[in-house]
Amino acid sequence: MNISLSQNISEKIYLALLNIIGVALIYLTPTLSHLFAFPVYYFEPMRIMVFIGLIYLNKRSVYLLAATLPLFSYFVSAHPEFLKSTLIMFELFINAWLFYFLFERNGNKFMSAIFSLAISKLFYYSLKYILIFATLIEGKLVVTPIYIQIILVFALGIFVAVIKKPNSN
Numbered sequence: 005m006n007i008s009l010s011q012n013i014s015e016k017i018y019l020a021l022l023n024i025i026g027v028a029l030i031y032l033t034p035t036l037s038h039l040f041a042f043p044v045y046y047f048e049p050m051r052i053m054v055f056i057g058l059i060y061l062n063k064r065s066v067y068l069l070a071a072t073l074p075l076f077s078y079f080v081s082a083h084p085e086f087l088k089s090t091l092i093m094f095e096l097f098i099n100a101w102l103f104y105f106l107f108e109r110n111g112n113k114f115m116s117a118i119f120s121l122a123i124s125k126l127f128y129y130s131l132k133y134i135l136i137f138a139t140l141i142e143g144k145l146v147v148t149p150i151y152i153q154i155i156l157v158f159a160l161g162i163f164v165a166v167i168k169k170p171n172s173n
């Protein structure tokens, strides 16, 4: 076997391992965050993973990630409860869809991120209010302090605007 072919195979194995580790981290980070005494969920690890996906993955993969992260977390850790996991799934999916929709129209990643986050959060809290009012879920309407949510919205907006996809100019 010549050196070039061997190097090419090694690179492909390396990239495959990186992809496997990356996917494992993406799915396990939100799930493992429930194991800590500190409420890591305040930092919305599922949303962070979806936003990382917005940079590094194609549209279909981001939608798949948004749809499966909450369900994976539920099936692995039984948290959050199923109905709330479904609500989070819809919120993340709407967030991703709105980001792409807005970005295709205005070309501004920061503004697309800010508005998609704000609108998806309005959707989430409106639907959560209805579910609480209908006694389908229990708990407070707002668990994560608003100031943390505002900081996260702007941090993710800046993150998406500043970080460039590899191999892009």
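Under my numbering, the letters of the sequence shown match residues 5 to 173, in that order. For every residue, glycine included, the Cβ atom is placed at its ideal position computed from N, Cα and C.
Between which two residues does the alpha helix (DSSP H) holding residue i run?
i, result
"K125", "K113 to F137"
"A165", "I150 to V166"
"N110", "F86 to N110"
"A82", "No alpha helix (DSSP H) contains A82, which DSSP labels as neither H nor E."
"P49", "P49 to Y60"
Spatial neighbours of residue i within its chain, please: CB distance less than 6 angstroms, with the 5 preceding and 5 following residues excluded, ordered by chain position.
i, result
"A70", "V54, L96, F97 and A100"
"L135", "I141"
"I152", "Y46"
For residue i, which residues in the same chain have their Cβ closer than 8 angstroms to its Cβ, ignoring the five residues on either side in sequence?
i, result
"L160", "R51, I52, F55, A117 and L121"
"N110", "S116"
"P149", "Y46"
"Y67", "F97, A100 and W101"
"Q11", "none"
Less than 8 angstroms between the CB atoms is what I'm expecting for residue i and residue j, so what's the real figure, rounded?
i, j, result
"Y18", "L73", "Actually they are not in contact, since the Cβ atoms of Y18 and L73 sit about 26 angstroms apart, beyond 8 angstroms."
"L259", "L91", "The first residue shown for the chain is 5 and the last is 173, placing residue 259 beyond what the model contains."
"F114", "I162", "7 angstroms"
"E48", "L156", "6 angstroms"
"I167", "I59", "5 angstroms"
With distances taken from CA atoms, which of the options is nearest residue i?
i, options, result
"P43", "V147, K16, I59 and N12", "V147"
"R169", "S14, V27 and G57", "It is Lys, not Arg, that sits at residue 169 in the sequence shown. K169 has its Cα closest to that of G57, out of S14, V27 and G57."
"L63", "Y128, Y104, F40 and L87", "A quick correction: the sequence has Lys, not Leu, at residue 63. Selected option, being the one with the closest Cα: Y104."
"T139", "A28, R109, L29 and K88", "K88"
"F158", "Y133, L21, S14 and F119", "F119"
So, at 7 angstroms on beta carbons, what are the nonlocal neighbours of residue i in its own chain, with the 5 sequence-adjacent residues on each side left out?
i, result
"Y128", "L91 and E95"
"N173", "Note on N173: pLDDT 47, under 50, position unreliable in the model; no value is reported."
"L75", "S89 and M93"
"V27", "none"
"S65", "G57"
For a cutoff of 7 angstroms on Cβ pairs, would you count residue i as touching chain C?
i, result
"F86", "The chain inventory of the structure shown lacks chain C, comprising one protein chain alone."
If contact is defined by three or more beta carbon pairs under 8 angstroms, each pair taking one atom from either stretch, is the segment 87 to 107 in contact with the segment 117 to 134? yes
Report yes or no: do the segment 73 to 86 and the segment 99 to 108 share at least 3 C-beta pairs separated by less than 8 angstroms? no
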